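Right, one structure below, let's go through it.
Protein chains: 2
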Amino acid sequence: MAHPLWQIRPDTTYLNHGSFGPPSRPVVEACRHWQDELAQQPMDVFVRRQESALVAARERLARWLGTAAENLALIDNATWAMNVVAESVVLEPGDNVVLSDHEYGAVERIWERACRRASAQLKTAVLPAHFQDPDEVVDALMSACNERTRLIVVSHITSPTAITLPVAQICERARQQGIAVCVDGPHALAQIPLDLDQLDCDFYTASCHKWLSAFFGSGFLYVHPRQQPSIRPLLLSWGKLPPDEPSKWYDEFFWLGTRDVSALLTIPVALDVLEEIGWEHFRQHGHQLARFARHQLVERLGTSCLVDDDPCWYSNMAHVELPVQDGSQLQQALWDQHRIEVPVVHWQDRWFIRVSCYLYNEQAEVDQLVEALAGLLEI
Amino acid sequence: MAHPLWQIRPDTTYLNHGSFGPPSRPVVEACRHWQDELAQQPMDVFVRRQESALVAARERLARWLGTAAENLALIDNATWAMNVVAESVVLEPGDNVVLSDHEYGAVERIWERACRRASAQLKTAVLPAHFQDPDEVVDALMSACNERTRLIVVSHITSPTAITLPVAQICERARQQGIAVCVDGPHALAQIPLDLDQLDCDFYTASCHKWLSAFFGSGFLYVHPRQQPSIRPLLLSWGKLPPDEPSKWYDEFFWLGTRDVSALLTIPVALDVLEEIGWEHFRQHGHQLARFARHQLVERLGTSCLVDDDPCWYSNMAHVELPVQDGSQLQQALWDQHRIEVPVVHWQDRWFIRVSCYLYNEQAEVDQLVEALAGLLEI
């Protein structure tokens, strides 16, 4: 039941939209349209139309995200956005930053460097071994904080384990203690509803090329007005032109030297595509299939998941533990022998499989994965 | 005589390849090829083929530039590369950085911030009012240096004024005084021969989407081995994977989160295209036309140029002073009334026109520009 708007290579069973969600045809066409215009008349795009197109894309995205456009900067991806946060949050010697133990490896590296440079401490909060009660998650995170905690960095949906974390409650408790929160949200966008003003976090980083299926290299940084004065861009170029108005925190992000920002300009098209399909259908299809995958894998492999079977804990992506001591060859074997793309994740000395379920995926593909995996594991 | 490999919009007289050189058809096709593969099977590109393709592109570029691939990092553009240099050069309070008075505005901003952060001083060397003797240029630059000068930043071909500076002599004199040199080379690439090992500068920043006509968002940073230990990347992501080897200075530049690096992968195609056409033809055509433009404009406008009519001072791009007090509306008027794209530059309270001459340009276009300009200036 391949979806007509996505053009997955016919030889491939693609169950990894979460890592690199391919864009839909209208998005690819929109990207090409901008690139064609660039190739034929670059001045007309770069000098006369690009900034207003970026402003319009940001406006559209902001409306969907429930915040003001002025709180967003369009940035290539969540990793880049997180680097900006790490450059901007002021850390003094002895301060600390708290991450959960489910954070993304590149994010850990970013904060290790930021803390090392500032002689601050990077602390890891150990979340519950099994996720049942949101309060336990919040407690686990907050108990790693102290009066020197300047920031909590927490995923909206975790990358290695595909778990939806209770970020609204985390933000609320952190606010009570005067601790800023940066939500790392690349997997949350489109998978689950998001209202940034209501969430009231300090920073939100995301990629639009995952579940939203915009073109590769499209994301954003949300900064709450209370944090905007502290933002320090990593890259400087011309800044706001003409430079006669007082500059805004996001001005330095519009123009980073000559490069192709067509990917960012596909964000409105990606929103159109999924709105046309319908969020309800998009999410139900994905969640039902993820639930099916989880159930089949648990049954066949005889293992378990870190979360209860409840949509509050996972959406269109499911993780299941693998009954192996060393799964380092499995992902490549699934590709080499079965042409299945699915990530096998090493997390806390355990091995998991993470199945992404998108509009173009169907039950037969999950069945194929389960059989392939059982064969490789000789179960 | 529009060149068959470039697809300039038919309504446009494009005399601004120096700002935004549009890519040739084979480059656009190469870019699309990678993007098509990304849209159909992102894992196959991102995980299995992208790094080796980047390594191959870098290798090819390095051979052409007369240096080892290990001295280059592919980076979106020269501005970005300059930001990395500014992040990496260690400045102590009281140190200074010397720029010429012909440097690019964004480069000035980058070094203003770097110097301000370090309580260092940004010094501007005033180059000769008329360029005749390379030694005078070197003397002017060196006389702005003192024992606290940590770095000279100088364009290979200046942006506002299109002047080729004697960077080999500058590097030699700076070496004698133990001062590092960063050559800002976005306009030099392809316009003039370049041998980086022979030049022996400390840093070289460039964009491949100008005169080399690679796709937008392709450039590099060259770092001499003596400076490589000091390089600090602005953005962190996963770094070298697997992380078991000692990391190299360029490892952090290969993967900056998920984004589309197809532009960087078009560099070898851009080199193929110009090699096939022939460097000699490419440069002669451009220089002859630039010389013609310079001559016609000087004759018609009754003004002059900052440099003698000698290929040592300019190549495929010519500047001519405009006989106006305020040229701020001219560039837009040339576009609005004549569909001519050419930059009108404000530099040191004077106004210049900068004409880029590429393979697709011809004398009739220069004639058209001269007449349009004379009409607008009522000469």
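Order-wise, the sequence lines are chains A and B.
So the first sequence is numbered by my numbering: it starts at -9 and just counts up by one.
So the second sequence is numbered by my numbering: it starts at -9 and just counts up by one.
Here a beta-carbon is modelled for each residue, glycine too, at the ideal position from N, C-alpha and C.
The model shown is predicted, which means the values in this text are computed figures rather than measured ones.
Closest by C-alpha distance to residue i, when choosing among the options
i	options	result
Pro(-6)/B	Gly365/B, Leu349/B, Ala362/B, Glu265/B	Leu349/B
Thr114/B	Arg249/B, Val143/B, Trp269/B	Val143/B
Ala134/A	Ala164/A, Gln322/A, Val88/A	Val88/A
Gln167/B	Arg281/B, Glu137/B, Trp325/B, Arg107/B	Glu137/B
Arg48/B	Val171/B, Thr256/B, Gln286/B	Thr256/B
Thr248/B	Gln40/A, Pro236/A, Thr69/A	Thr69/A
Trp228/B	Leu254/A, Ala96/A, Thr154/A, Leu320/A	Ala96/A
Ser203/A	Ala178/A, Leu186/A, Val213/A, Asp26/A	Ala178/A
Ala152/A	Asp298/A, Ile330/A, Ile(-2)/A, Ile369/A	Asp298/A
Pro233/A	Arg38/B, Met72/B, Arg99/B, Gly8/B	Arg99/B
Leu184/B	Val157/B, Ala253/B, Glu162/B, Glu126/B	Val157/B
Pro13/B	Trp201/B, Asp250/B, Ile267/B, Thr293/B	Trp201/B
Ser42/B	Trp245/B, Gln30/B, Glu235/B	Trp245/B
Gln188/B	Asp123/B, Cys161/B, Gly317/B	Cys161/B
Trp54/B	His214/B, Gly209/B, Arg222/B, Leu186/B	Leu186/B
Ser9/B	Trp341/B, Ser149/B, Arg107/B	Ser149/B
His7/B	Val314/B, Pro176/B, Leu261/B	Pro176/B
Trp303/A	Asp125/A, Glu235/A, Ala29/A	Asp125/A
Gln159/B	Met132/B, His214/B, Ala180/B, Gln181/B	Met132/B
Gln(-3)/B	Asn351/B, Leu312/B, Ser197/B, Gln321/B	Asn351/B
Asp123/A	Arg106/A, Arg107/A, Thr154/A	Thr154/A
Partner residues on chain B for residue i, Cβ-Cβ distance less than 7 Å
i	result
Leu44/A	Within chain B, no residue comes near Leu44/A; the closest Cβ sits about 15 Å away, beyond 7 Å.
His199/A	Thr248
Leu359/A	The premise fails here: Leu359/A is roughly 15 Å from chain B at the closest Cβ pair, so nothing lies under 7 Å.
Neighbouring residues, chain A, relative to residue i (Cβ below 8 Å)
i	result
Gln31/B	Ile(-2), Arg(-1), Thr2, Tyr4, Pro12, Glu331
Arg99/B	Leu226, Ser227, Trp228, Gly229
Ala68/B	Gly247
Gly207/B	Thr248, Arg249, Asp250
Val334/B	Neighbours of Val334/B on chain A: none; closest Cβ ~12 Å, over 8 Å.
Neighbouring residues, chain B, relative to residue i (Cβ below 9 Å)
i	result
Phe243/A	Residues of chain B passing the Cβ test: none, with the nearest at roughly 13 Å.
Phe36/A	Ser9, Phe10, Phe206
Whole-Å CB distance - residue i paired with residue j, under 8 Å assumed
i	j	result
Ala110/A	Asn86/A	6 Å
Val377/A	Phe205/A	Since the first and last residues shown for chain A are -9 and 369, residue 377/A lies out of range.
Leu44/B	Leu62/B	With a Cβ gap of about 11 Å, Leu44/B and Leu62/B do not count as contacting.
Thr2/B	Arg329/B	6 Å
Ala273/A	Ile369/A	Note that residue 273/A corresponds to Arg in the displayed sequence, not to Ala. With a Cβ gap of about 32 Å, Arg273/A and Ile369/A do not count as contacting.
His120/A	Leu296/A	6 Å
Val251/B	Gln25/B	Going by Cβ atoms, the distance from Val251/B to Gln25/B rounds to 11 Å, so no, they are not a contact pair.
Val310/B	Trp341/B	Not really, about 10 Å apart at Cβ, beyond 8 Å.
Val30/A	Arg(-1)/B	Note that residue 30/A is Gln in the sequence shown, not Val. Rounded, the Cβ-Cβ distance is 4 Å, consistent with contact.
Asn73/B	Leu225/A	5 Å
Contacts around residue i, its chain only, beta-carbon distance under 7 Å, and the 5 residues preceding and following it disregarded
i	result
Ala323/B	Leu366
Ala59/A	Arg48, Glu49, Ala52
Glu102/A	Leu112
Cut-off 6 Å between Cβ atoms - residues of its own chain near residue i, not counting five sequence neighbours on either side
i	result
Ala283/A	Ala308, Val345, Val356
Ala20/B	Thr256, Val259
Gly276/B	Asn306, Cys347
Glu27/A	Val35
Own chain partners of residue i with C-beta closer than 8 Å, once the 5 adjacent residues on each side are dropped
i	result
Ala170/A	Val79, Arg140, Leu141, Ile142, Ala164, Asp192, Phe193, Gln217
Pro219/B	Trp239
Glu91/A	The question names Glu, but residue 91/A is Asp in the sequence shown. Answer for Asp91/A: Thr114, Ala115, Val116, Leu117, Gln338, listed in chain order.
Ala362/A	Leu324, Gln327, His328, Ile330
Gln353/B	Leu279, Phe282
Val263/B	Leu(-5), Ser14, Pro16, Val17, Ser203
Heavy atom of the ligand MN within 7 Å of residue i beta-carbon
i	result
Asp26/B	As for the ligand MN, it is missing from this structure, which has no ligand bound.
Within chain B, the residues that residue i reaches when beta carbons sit closer than 8 Å
i	result
Asn86/A	The premise fails here: Asn86/A is roughly 19 Å from chain B at the closest Cβ pair, so nothing lies under 8 Å.
Ala96/A	Leu226, Ser227, Trp228, Gly247
Asn73/A	Leu224, Leu225, Leu226
Val80/A	Under the 8 Å cutoff, chain B gives no residues; its nearest Cβ is about 14 Å from Val80/A.
Leu211/A	What Leu211/A touches in chain B: nothing, since even the nearest Cβ is about 12 Å away.
Contacts of residue i in chain A (Cβ-Cβ under 7 Å)
i	result
Arg103/B	Leu226
Contact set between residue i and chain A, taken where Cβ atoms lie within less than 9 Å
i	result
Val310/B	None at all; the shortest Cβ gap to chain A is about 20 Å.
Ala253/B	Arg249, Asp250
Leu320/B	Going along chain A, no residue has its Cβ under 9 Å from Leu320/B, so there is no contact; the nearest lies around 14 Å.
Leu141/B	Per Cβ cutoff of 9 Å: no residues; Leu141/B is ~17 Å from chain A at best.
* Asked: Which runs of the alpha helix (DSSP H) spanning at least 4 residues fall entirely within the region 115 to 163 of chain A, listed in chain order?
  -> Runs of the alpha helix (DSSP H) inside the region 115 to 163 of chain A: 124 to 132.
* To do: Would you mind listing the alpha helix (DSSP H) stretches within the region -4 to 80 of chain A that are 4+ residues and don't spill past its ends, in chain order?
  => Unbroken alpha helix (DSSP H) stretches of 4 residues or longer found wholly inside the region -4 to 80 of chain A: 15 to 30, 40 to 55, 68 to 78, given in chain order.
* To do: Identify every run of the beta strand (DSSP E) within the region 301 to 349 of chain B, keeping only runs that are complete inside it and at least 3 residues long; order them along the chain.
  => Counting whole runs of 3 or more residues, the region 301 to 349 of chain B contains the beta strand (DSSP E) stretches 307 to 311, 334 to 337, 340 to 346.
* **Ranges of the beta strand (DSSP E) found wholly within the region 200 to 282 of chain A, counting only runs of at least 3** => Taking only runs of at least 3 residues, the beta strand (DSSP E) segments lying wholly in the region 200 to 282 of chain A are 209 to 213.
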